[in-house]
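Reviewing the structure listed below.
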Amino acid sequence: MALNVLVVDDSAVMRAIVIKTLHLSGVALGQIYEAKDGEEALRVLDENWVDLALIDINMPVLDGMDMIDKVRQNPETADLSIIVVSTESSETRIENVQRKGVAFVHKPFTPETLRQAILRATGVIDERQDHKSPVSGSGFDF
Amino acid sequence: MNDKITKALYRAAALTFEELGFMFPSSELDPLQKYASVDAQGCVDFEGPYAGRLVVRMCGGVLPVLAANMMGELEPPGQKLQSDALGEIANIICGNLLPSLAGARQVFQLKTPRPMPQDEPLPPVASLKPTAEVQVGLEEGRADLLLYLIDLPQE
Numbered sequence: 834m835a836l837n838v839l840v841v842d843d844s845a846v847m848r849a850i851v852i853k854t855l856h857l858s859g860v861a862l863g864q865i866y867e868a869k870d871g872e873e874a875l876r877v878l879d880e881n882w883v884d885l886a887l888i889d890i891n892m893p894v895l896d897g898m899d900m901i902d903k904v905r906q907n908p909e910t911a912d913l914s915i916i917v918v919s920t921e922s923s924e925t926r927i928e929n930v931q932r933k934g935v936a937f938v939h940k941p942f943t944p945e946t947l948r949q950a951i952l953r954a955t956g957v958i959d960e961r962q963d964h965k966s967p968v969s970g971s972g973f974d975f
Numbered sequence: 006m007n008d009k010i011t012k013a014l015y016r017a018a019a020l021t022f023e024e025l026g027f028m029f030p031s032s033e034l035d036p037l038q039k040y041a042s043v044d045a046q047g048c049v050d051f052e053g054p055y056a057g058r059l060v061v062r063m064c065g066g067v068l069p070v071l072a073a074n075m076m077g078e079l080e081p082p083g084q085k086l087q088s089d090a091l092g093e094i095a096n097i098i099c100g101n102l103l104p105s106l107a108g109a110r111q112v113f114q115l116k117t118p119r120p121m122p123q124d125e126p127l128p129p130v131a132s133l134k135p136t137a138e139v140q141v142g143l144e145e146g147r148a149d150l151l152l153y154l155i156d157l158p159q160e
């Protein structure tokens with residue numbers, strides 16, 4: 834199953850890093866959408882079918898936490914798989930994020946870390962589990 | 006305490022340049038790195054158990070290469086994206102550094118990273134000295150990191 838993914842981050846560089854890492858993760862990808870803040874992301878969700886959203890927390894206009902609340906309140910998007918991708922290192926903050934029913938990936942991260950988080954968040958079965966590593970042995974983080 | 010903070014700052018910076026920018030950081034600078042001039046600087050202000058600022062200065066033509074590496078591009082991106090890359094570097098170093106100093110359960114609010122004009126004073130408060138300052142050798146240049154803590158944590 835190819836996943837349609839929405840990448841939400843106010844940094845164009847970080848969106849590029851996340852998308853590059855997605856391609857290296859070996860996860861089957863469909864359409865990839867980008868948004869620079871929560872409000873733009875809600876419009877993308879309104880107009881497109883998205884299976885998974887990767888969201889930063891600190892963004893202008895509408896931040897990641899408020900965006901998640903709005904996504905969960907909307908019956909059309911309430912069940913969307915969400916992974917928060919952030920520099921946040923406070924255990925208190927990370928627990929608050931996870932209480933919203935989303936996964937958390939800390940920056941910097943490896944393609945394998947992202948892959949595992951995606952598989953857990955979406956429930957997609959890892960078809961490559963018995964085959965070679967998705968990142969061809971790379972130990973690089975992103 | 007300052008020595009502990011300096012070591013933590015170097016560790017956070019080295020990890021970020023290595024893993025995000027595919028660069029090999031060194032703490033010993035050769036003359037080329039040592040005397041490289043500042044090309045660009047940016048900062049992240051923060052509040053929480055203590056407030057302050059992390060300043061990152063890129064020297065000796067490192068930033069274009071770093072930005073290209075981060076984005077997986079062969080050619081350096083434009084000025085705007087280079088500035089964005091510098092902001093992300095500062096943000097990630099700061100985000101990883103602060104809990105290692107204050108404790109894993111402490112919560113900090115990091116402001117949006119921003120570029121700093123060359124003539125802007127580095128400290129967030131006039132005449133404040135850096136709590137910790139490190140230089141990281143990168144290719145033919147270096148990165149300077151200056152951490153200003155307004156309320157210096159006690160041992």
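Quick mapping for you: the protein sequence lines, in order, are chains U and G. Under our numbering, the first residue of the first sequence is numbered 834, with each subsequent residue one higher. Under our numbering, the first residue of the second sequence is numbered 6, with each subsequent residue one higher. The beta carbon of each residue, even a glycine, is placed where N, CA and C say it ideally should be. Model, not experiment: these values are computed from the prediction.
As assigned by DSSP and simplified to three states, the class of residue i
i: G146 (chain G); result: strand
i: L59 (chain G); result: strand
i: I97 (chain G); result: helix
i: V139 (chain G); result: strand
i: S844 (chain U); result: coil
i: D156 (chain G); result: coil
i: Q190 (chain G); result: Outside the displayed range of chain G (6 to 160) lies residue 190 (chain G), so it cannot be described from this structure.
i: L102 (chain G); result: helix
i: L115 (chain G); result: strand
i: S919 (chain U); result: strand
i: S88 (chain G); result: helix
i: L151 (chain G); result: strand
8 Å contact criterion, which residue i and residue j should meet: CB distance rounded
i: M834 (chain U); j: D889 (chain U); result: The Cβ separation is near 25 Å, so there is no contact.
i: E144 (chain G); j: V70 (chain G); result: 6 Å
i: G863 (chain U); j: N837 (chain U); result: 4 Å
i: L102 (chain G); j: Q87 (chain G); result: Not a contact, Cβ separation roughly 23 Å.
Chain-ordered chain U contacts of residue i [CB-CB under 8 Å]
i: M76 (chain G); result: V846, A849, I850, K853
i: A109 (chain G); result: S922, S923, E924
i: A72 (chain G); result: V846
Range of the contiguous beta strand (DSSP E) that encloses residue i
i: D50 (chain G); result: 43-52
i: N837 (chain U); result: 836-841
i: G978 (chain U); result: Residue coverage of chain U in this structure runs from 834 to 975, which leaves residue 978 (chain U) outside it and unanswerable.
i: Q864 (chain U); result: 862-868
i: I890 (chain U); result: Per DSSP, I890 (chain U) belongs to no beta strand (DSSP E) and is neither H nor E.
i: F22 (chain G); result: Element bounds for F22 (chain G): not the beta strand (DSSP E) but the alpha helix (DSSP H), 7-26.
i: A936 (chain U); result: 936-939
Residue i: contacting residues in chain U (beta-carbon distance under 7 Å)
i: L86 (chain G); result: A845, V846
i: D89 (chain G); result: S844, A845, V846
i: E93 (chain G); result: S844, V846, M847
i: P104 (chain G); result: S922, S923
i: I97 (chain G); result: T920, K940, P941
i: T11 (chain G); result: Simply none; closest approach about 19 Å.
Under 7 Å by beta carbon: chain G residues contacting residue i
i: R926 (chain U); result: V112
Residue i CB to nearest heavy atom of the ligand ATP below 7 Å
i: L152 (chain G); result: The ligand ATP is not among the ligands present in this structure, which contains no ligands whatsoever.
Terminal residues of the alpha helix (DSSP H) in which residue i lies
i: V957 (chain U); result: That residue, V957 (chain U), is in no alpha helix (DSSP H); it is neither H nor E in DSSP.
i: V930 (chain U); result: 924-931
i: A72 (chain G); result: 67-76
i: K39 (chain G); result: 36-39
i: R876 (chain U); result: 871-880
Interface residues of chain G facing residue i [CB-CB closer than 8 Å]
i: E921 (chain U); result: G100
Where residue i meets chain U, residues with beta-carbon distance less than 9 Å
i: P69 (chain G); result: Per Cβ cutoff of 9 Å: no residues; P69 (chain G) is ~13 Å from chain U at best.
i: T136 (chain G); result: Ordered by position in chain U, no residue passes the 9 Å Cβ test against T136 (chain G), which lies about 19 Å from the chain.
Chain G residues whose Cβ lies nearer than 9 Å to that of residue i
i: K933 (chain U); result: In chain order: nothing, as chain G lies at least about 16 Å away.
i: N891 (chain U); result: N96, Q114, L115, K116, T117
Counting pairs of beta carbons, one from the region 901-911 of chain U and one from the region 91-107 of chain G, are three or more of them closer than 8 Å?
no
Does the region 131-140 of chain G come close enough to the region 939-952 of chain U that 3 or more CB-CB pairs lie under 8 Å?
no
Check whether the region 885-902 of chain U touches the region 928-941 of chain U, taking contact to mean three or more Cβ pairs, one atom from each stretch, closer than 8 Å.
yes
Three CB pairs or more closer than 8 Å across the region 102-113 of chain G and the region 917-925 of chain U:
yes
Any contact of the region 43-59 of chain G with the region 109-120 of chain G, i.e. 3+ C-beta pairs under 8 Å?
yes
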